[in-house]
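Here the numbering used here = 1-based position in the sequence shown + 19.
Each residue gets a CB set at the ideal place from its N, CA and C atoms; glycine is no exception.
Because the structure is a prediction, the values reported are computed rather than measured.
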Amino acid sequence: MQNNLTYDEAMARLEALIKELASIGAVGMDQYKQKAAEARQLIDYCHSCLTELEKGLKINS
């Protein structure tokens, strides 16, 4: 995963991966494993972005 992705770019890539993973017949098991790992990284990245946003909102409240 690229470290310079924006939240919106990461979400778009995650949505694309979900579509690919939903049609498991379209990819082999090795590709499925790779795409699932990338999806996990994107989920973690997006979660951290949202956590930082939440912290910022609490500080400014």
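*Nearest-angstrom beta carbon gap, A58 and L40 [assumed within contact, 8 Å]*: At roughly 7 Å, the Cβ-Cβ gap stays under 8 Å, so L40 and A58 are in contact.
*Could you spell out where the alpha helix (DSSP H) holding S67 opens and where it closes?*
First-last of the alpha helix (DSSP H) with S67: 48 to 78.
*asked:* Taking the beta carbon of L61 as the centre, do at least 16 other beta carbons fall within 10 Å, making it buried, or is it exposed?
replied: In this structure L61 is buried. Its beta-carbon is surrounded by 16 or more other beta-carbon atoms within 10 angstroms.
_Span separating the alpha-carbon of G75 from that of L69_ = Cα to Cα, G75 sits roughly 10 Å from L69.
*Below 8 Å CB to CB, which residues in the same chain sit around C65 once its five sequence neighbours on both sides are set aside?*
Closer than 8 Å at Cβ, skipping near neighbours: Y26, A29, M30, L33.
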